[in-house]
Amino acid sequence: MAAQPTESVWDYPRPPRVEPTDETVQIVVGGEVVARSTRAVRVLETSHPPTYYVPADDFVAGALRTATGGSWCEWKGQATYHDLVGGGVAAAAAGWSYPAPTPGFAVLRDQIAVYPGRVERCTVDGEPVRAQAGGFYGGWITDRVTGPFKGEAGTRGW
């Protein structure tokens with residue numbers, strides 16, 4: 007696949023935009039590939055690296071387990087959390103989804119987002135993903151995107 011053009015997160019919109027991607031997304035837990043997809047979508051929001059959402063059907067059987075807790079997004083609605091399981095390892099609350107997303111984000115129904123810092127490895131077209139700093143946000147940093155990114159030290163008020 008040809009290299010993707012570089013993007014600045016400061017050119018992303020607010021409210022966020024959802025766009026399909028044909029990039030190959032892979033998620034590894036416990037040494038096992040628990041998801042591989044060319045049908046992911048990216049959520050792009052000002053100051054954040056993209057968040058990749060993978061169709062639940064692209065996870066291997068048994069890789070998703072409902073976790074406790076949840077959160078609210080002003081744009082997407084009520085999120086539920088998922089443990090990701092692979093190779094005898096459970097990555098606690100490593101993924102989230104929107105079972106009943108707001109109308110503008112209906113495409114996210116049946117899609118799972120993953121915190122790259124809570125699993126062994128995420129890749130986009132073979133490139134290892136770096137986690138968005140701060141622990142709260144789930145952005146995927148690749149060489150394709152430039153910051154600075156919300157979540158880094160000193161960005162709380164952004």
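Sequential numbering of the sequence shown, starting at 7, is according to my numbering.
Note that CB positions come from ideal geometry on N, CA and C, so glycine has one too.
If you're wondering where the values come from, they're calculated on a predicted model, not measured in any experiment.
Supposed contact pair residue j and residue i - C-beta distance, whole angstroms, cut 8 Å
i	j	result
T57	V15	Incorrect: roughly 11 Å between the Cβ atoms, too far for contact.
A97	R124	5 Å
W146	P122	6 Å
T152	T12	6 Å
T86	P105	6 Å
T27	V47	7 Å
Q117	A73	Wrong, their Cβ atoms sit about 16 Å apart, outside the cutoff.
V24	V113	5 Å
Opposing strand residues paired with residue i [DSSP bridges]
i	result
Y87	W102
F65	A41
A97	L90
T152	S14
Y136	First, the amino acid is wrong: residue 136 is Arg here, not Tyr. R136 is bridged to I147.
V113	Its beta-bridge partners do not exist; DSSP assigns none.
Cβ-heavy atom distance, residue i to the ligand MG, below 6 Å
i	result
E133	Questions concerning the ligand MG fall outside what the structure shown contains, since it holds no ligand whatsoever.
Beta strand (DSSP E) segment containing residue i, residue limits
i	result
S53	No beta strand (DSSP E) holds S53; DSSP gives it neither H nor E.
E25	23–26
W78	70–79
Q32	31–35
R127	127–130
Q117	117–120
With a cut-off of 8 Å, do at least 3 Cβ pairs link the stretch 58–69 to the stretch 91–109? In short, these stretches touch, since the Cβ pair count reaches three.
Between the stretch 131–139 and the stretch 34–50, can you find at least three pairs of beta-carbon atoms closer than 8 Å? The answer is no - the stretch 131–139 does not touch the stretch 34–50, with fewer than three Cβ pairs under 8 Å.
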